[in-house]
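Chains as they are written, first to last, in the numbering used here: chain F, 1 to 229; chain R, 230 to 464. Built from N, CA and C at the ideal position, the CB exists for glycine as well. Here's the structure, in structure tokens; my notes come after.
This is the structure we're talking about:
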């Protein structure tokens with residue numbers, strides 16, 4: 001059973017001469033590492049990095065995260081996007097593939113975009129973009145109409161995206177659907193019918209505290225119910 | 230489970246200290262699905278709900294340029310006068326806000342609002358201390374970055390110089406003085422960080438009450454560990 005640390009606890013990580021990357025939930029006080037969130041300590045080698053795996057629902061923007069945002073309005077040459085953080089993020093009109101001053105992307109208030117966080121500092125408002133450094137979208141951009149947006153904890157999304165979780169592949173064998181997972185705790189699902197979309201949403205939300213074997217049972221139960229058995 | 234001890238103070242006066250255990254603590258985390266963190270806490274007969282929202286957006290009046298604004302809202306079930314020995318908005322909110330501001334890493338999230346709402350459900354004594362404990366559990370549940378954990382412990386000084394730890398309402402009403410301590414724990418060291426007192430007491434009584442509270446706080450922090458272990462060991 002993994003040890004759970006509380007804020008203020010000294011962590012059993014040696015701060016020697018080797019490079020050490022201190023991640024979220026851990027802070028450095030002189031020569032010791034101290035937990036700042038309640039969670040399980042995780043670490044990775046080469047270079048050695050450690051962070052707290054805490055259960056959090058509120059998103060704090062981090063550069064490089066791919067998130068789902070909702071357009072809330074215009075502000076000069078940019079749109080204001082709600083990514084679930086304390087402040088609204090901005091996305092410039094030119095941060096889309098093929099956009100020029102004359103050729104603007106056609107987005108309106110309420111549209112969903114899958115974007116990447118470009119700038120996230122505690123003293124500035126976050127900025128997101130829908131292209132990479134080469135100008136290609138690579139899956140980013142406006143999401144199609146007609147899907148369902150779910151709000152869940154950040155941990156659930158990280159689990160869905162991890163290679164060890166078999167939920168999405170198992171579900172993919174039974175149903176046909178499109179899914180986008182934003183690291184800000186938002187999941188967008190689109191399927192052939194409303195009934196199937198809702199079934200997928202229920203499976204994802206209920207799987208949060210189950211282990212792998214219980215998840216396949218959950219999938220079986222909900223899909224049978226969806227198909228009328 | 231009472232153990233009574235008699236001790237002689239320096240001037241030869243005998244005073245009895247009743248080392249009562251803290252009442253049973255029971256809590257349920259994440260009870261409110263819309264809140265970022267929440268807890269339903271029961272200590273003996275006193276029941277309190279606490280919810281944390283944040284770090285989120287705030288209005289201009291609640292925005293600080295260099296740190297987070299912590300807003301504490303205490304909702305009593307019964308309205309009591311401002312200087313009442315029980316829990317009122319006037320005595321719970323400042324105590325809880327002051328404690329949170331020193332424990333939460335407010336420099337990490339400037340210009341945001343962290344809102345803590347504490348709702349009284351049943352008052353069976355020691356309500357102010359239970360509000361402090363519930364506040365910390367809700368902050369832990371929300372994953373708000375903190376430098377240490379804190380809890381509340383109440384001690385009553387009875388007319389016969391006896392100290393009662395975590396008194397139920399009946400005893401609290403007969404007390405000469407009521408102490409509500411906020412204690413923090415960082416790297417297993419427990420320290421008192423603030424206190425709210427009502428009534429008359431000698432400084433010796435105060436010192437005894439502080440050491441009693443520090444011992445009892447260790448139990449509360451153990452309870453926090455058990456709660457978070459249970460929550461985070463699933464999945």
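Taking 9 Å as the threshold (beta carbon to beta carbon), is residue i in contact with chain R?
i, result
"residue 31/F", "no"
"residue 13/F", "no"
"residue 80/F", "no"
"residue 213/F", "no"
"residue 222/F", "no"
"residue 160/F", "no"
"residue 34/F", "yes"
"residue 120/F", "no"
"residue 10/F", "yes"
"residue 49/F", "no"
"residue 40/F", "yes"
"residue 53/F", "yes"
Rounded to the nearest angstrom, what separates residue i and residue j at their Cα positions?
i, j, result
"residue 173/F", "residue 226/F", "15 Å"
"residue 46/F", "residue 19/F", "9 Å"
"residue 242/R", "residue 279/R", "Summary for residue 242/R: the model assigns pLDDT 38, below 50, so the residue's position carries little reliability, and this model does not support an answer."
"residue 166/F", "residue 425/R", "53 Å"
"residue 95/F", "residue 69/F", "14 Å"
"residue 445/R", "residue 396/R", "13 Å"
"residue 399/R", "residue 274/R", "11 Å"
"residue 336/R", "residue 60/F", "14 Å"
"residue 360/R", "residue 420/R", "18 Å"
"residue 219/F", "residue 203/F", "6 Å"
"residue 288/R", "residue 83/F", "18 Å"
"residue 200/F", "residue 86/F", "29 Å"
"residue 284/R", "residue 217/F", "37 Å"
"residue 344/R", "residue 302/R", "8 Å"
"residue 448/R", "residue 29/F", "26 Å"
"residue 66/F", "residue 169/F", "21 Å"
"residue 281/R", "residue 363/R", "10 Å"
For residue i, which residues in chain F fall below 9 Å Cβ to Cβ?
i, result
"residue 319/R", "Going along chain F, no residue has its Cβ under 9 Å from residue 319/R, so there is no contact; the nearest lies around 29 Å."
"residue 334/R", "7, 27 and 36"
"residue 416/R", "8, 9, 10, 32 and 34"
Hey, is residue i's beta-carbon within less than 9 Å of any beta-carbon in chain F?
i, result
"residue 381/R", "no"
"residue 458/R", "yes"
"residue 342/R", "yes"
"residue 461/R", "yes"
"residue 448/R", "no"
"residue 185/R", "Nothing in the structure corresponds to residue 185/R, since chain R is present only between 230 and 464."
"residue 378/R", "yes"
"residue 413/R", "yes"
Residues of chain R with a CB under 7 Å from the CB of residue i: which are they?
i, result
"residue 87/F", "286"
"residue 123/F", "339"
Quick one: which chain R residues come within Cβ less than 9 Å of residue i?
i, result
"residue 37/F", "369, 372, 373, 374 and 375"
Hey, would you say the C-beta of residue i is under 8 Å away from at least one heavy atom of the ligand SAH?
i, result
"residue 115/F", "Within the structure as shown, the ligand SAH is missing, as the structure has no ligands at all."
Between which two residues does the alpha helix (DSSP H) harbouring residue i extend?
i, result
"residue 453/R", "432-461"
"residue 90/F", "Run containing residue 90/F: none in the alpha helix (DSSP H); it sits in the beta strand (DSSP E), 89-92."
"residue 206/F", "194-206"
"residue 82/F", "Note, residue 82/F: premise wrong, no alpha helix (DSSP H); beta strand (DSSP E) at 78-82."
"residue 217/F", "212-226"
Name the chain R residues that come within less than 8 Å of residue i, Cβ to Cβ?
i, result
"residue 56/F", "265, 371 and 372"
What is the residue span of the beta strand (DSSP E) that residue i lies within?
i, result
"residue 113/F", "112-119"
"residue 100/F", "Taken as a continuous stretch (DSSP letters only), residue 100/F belongs to no beta strand (DSSP E), as it is neither H nor E."
"residue 255/R", "254-258"
"residue 270/R", "266-272"
In chain F, which residues lie with their C-beta within 8 Å of the C-beta of residue i?
i, result
"residue 283/R", "58 and 86"
"residue 454/R", "4 and 6"
| Of all the beta strand (DSSP E) runs that stay within the bounds of the region 145-186 of chain F, which reach a length of 3 or more residues? | The DSSP assignment places 148-151 and 177-182 as complete runs of the beta strand (DSSP E) inside the region 145-186 of chain F, in order along the chain (cut-off: 3 residues).
| said: Which runs of the alpha helix (DSSP H) at least 4 residues long sit entirely within the region 370-425 of chain R? Give them in chain order. | reply: Correct list: 398-403.
| said: If we require 3 or more residues per run, which beta strand (DSSP E) segments fall completely within the region 280-346 of chain R? | reply: Unbroken beta strand (DSSP E) stretches of 3 residues or longer found wholly inside the region 280-346 of chain R: 298-304, given in chain order.
| request: May I have a chain-ordered list of the beta strand (DSSP E) segments no shorter than 3 residues that lie completely inside the region 3-70 of chain F? | output: The DSSP assignment places 20-22, 26-29, 32-35, 39-44 and 48-53 as complete runs of the beta strand (DSSP E) inside the region 3-70 of chain F, in order along the chain (cut-off: 3 residues).
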